[in-house]
Ligand code: ATP
Ligand code: MG
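Laid out in structure tokens, this is it:
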């Protein structure tokens, strides 16, 4: 029986979340220092630990069948692969940044300037689209230092909070691309491998749904139940159980994590008490 080969980042900002995601999908594997390849004990997958830059090419060439990496790298490498799932972690943006005391008049700032980046394709596409003539200096790391050492006038790099930019005397001027971690797949998987990928994606979606939702339990007087059901529609409809105390019920439902704080006051105003909110481990819709 064949195994699906999954490429994940060996060490870096994506590694921990990629490991955790596979573990939360119930996939058990050994990973120690120096391990570059491992087979899962309880699921037909082989895991390859690689540099994120190499993953698109390896997936195109079928050295790996699928990979987990940032959209930024997928678009930069522009290989013939398919994005099959967005994962929600490693959220960041690819931005142009300039020395913080410079006046920024808009994109014309970059006209005839030299910009250092590890993303030459995305940057040259962006400049071409906006009709900016600028020189691109490709460097592979520590891009933020380039203006400080006279290598370039500005940079184009990954930003999340902007604190690294600030430490290096830079500020964000334009966002080129928003990115998050995704699963990419080779476009010609065998039926057998596609079946394994479908099973894996089913598990990944169950983990993602679980993270985006909370289980909520509360007590309320019977007459408040219709109003509370309107506030908490649930997956199908809320569960309502009688309490030992006459005229009272316990109501169980599921609420989106980001809607929870908005709903809580509405619930209290409707008569809810003793509200408990619990994490969900897996959720299949
Ligand atoms: P490798 O050695 O594998 O080539 P790297 O140094 O090129 O690693 P990392 O810095 O580990 O890359 O970043 C990997 C990916 O994580 C980036 O391509 C991007 O998608 C995402 N990322 C980078 N920086 C951040 C950040 N500050 N916040 C969130 N996500 C980020
Ligand atoms: Mg890299």
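In this note's numbering, the protein residues as written are 455 to 739.
For every residue, glycine included, the Cβ atom is placed at its ideal position computed from N, Cα and C.
Note that the structure is a prediction, hence the values are computed from the model and not measured.
Distance check for residue j and residue i, CA to CA, integer angstroms please.
i, j, result
"residue 615", "residue 672", "37 Å"
"residue 468", "residue 544", "7 Å"
"residue 471", "residue 693", "34 Å"
"residue 450", "residue 488", "Because the chain is modelled from 455 through 739, residue 450 falls outside the range shown and cannot be assessed."
"residue 655", "residue 559", "45 Å"
"residue 580", "residue 548", "11 Å"
"residue 482", "residue 710", "29 Å"
"residue 532", "residue 526", "10 Å"
"residue 632", "residue 529", "11 Å"
"residue 562", "residue 597", "22 Å"
"residue 604", "residue 518", "40 Å"
"residue 721", "residue 737", "24 Å"
"residue 663", "residue 555", "44 Å"
"residue 717", "residue 476", "32 Å"
"residue 612", "residue 541", "18 Å"
"residue 734", "residue 665", "7 Å"
"residue 653", "residue 624", "45 Å"
"residue 485", "residue 496", "15 Å"
"residue 600", "residue 606", "6 Å"
"residue 690", "residue 535", "37 Å"
"residue 511", "residue 641", "13 Å"
"residue 678", "residue 688", "16 Å"
"residue 739", "residue 634", "23 Å"
Here's a check: name, in chain order, each residue in its chain whose Cβ is nearer than 7 Å to the Cβ of residue i, leaving out the five neighbours to either side.
i, result
"residue 681", "724"
"residue 590", "569, 571, 574, 577 and 578"
"residue 697", "673, 703 and 704"
"residue 539", "636, 637, 655 and 658"
"residue 622", "598, 599 and 602"
"residue 566", "587 and 588"
Should residue i be flagged as near chain D, meaning a C-beta pair shorter than 8 Å?
i, result
"residue 685", "This model lacks chain D altogether, as it is built from one protein chain only."
Could you name the residues of the same chain whose beta carbon sits closer than 8 Å to that of residue i, not counting the 5 residues immediately before and after it, in chain order?
i, result
"residue 714", "668, 670 and 731"
"residue 500", "457, 458, 459, 460, 491, 492, 493 and 494"
"residue 463", "469, 472, 503, 504, 505, 506, 509, 522 and 523"
"residue 676", "701, 702 and 703"
"residue 727", "672, 673 and 674"
"residue 627", "549, 550, 551, 552, 558, 563 and 608"
"residue 594", "572"
"residue 513", "461, 519, 520, 521, 533, 535, 638, 639 and 640"
Quickly, what does DSSP pair residue i with across the bridge? List them, please.
i, result
"residue 611", "549"
"residue 621", "In the DSSP output, where bridge partners are listed per residue, residue 621 has none listed."
"residue 730", "671"
"residue 479", "The partner list for residue 479 (beta bridge, DSSP) is empty, contrary to what the question assumes."
"residue 463", "504"
"residue 704", "673 and 695"
"residue 458", "499"
"residue 603", "Per DSSP, none; premise fails for residue 603."
"residue 537", "638"
"residue 709", "668"
"residue 592", "571"
With a threshold of 6 Å on Cβ separation, who are the neighbours of residue i within its own chain once the five nearest residues in sequence on each side are excluded?
i, result
"residue 592", "574"
"residue 564", "586 and 588"
"residue 650", "458 and 498"
"residue 478", "661"
Discussion item. Please give the ranges of any alpha helix (DSSP H) in the stretch 674-698, keeping only runs that are unbroken, at least 4 residues long and fully inside the region.
Written reply: 679-685
Item to complete: Can you list the residues near ligand 2, meaning Cβ strictly closer than 6 Å to any non-hydrogen atom, in the order they appear in the chain?
Response: 505, 506 and 507
Item to complete: Entirely within the stretch 485-527 and at least 3 residues each: give me those beta strand (DSSP E) ranges in chain order.
Response: 491-493, 499-504 and 520-524
Fill in: Entirely enclosed beta strand (DSSP E) segments - the stretch 623-676, minimum 3 residues
624-633, 635-639 and 667-675
Worksheet item: At which residue ranges does the stretch 562-589 contain complete beta strand (DSSP E) runs of 3 or more residues, listed in the order of the chain?
Response: 568-571
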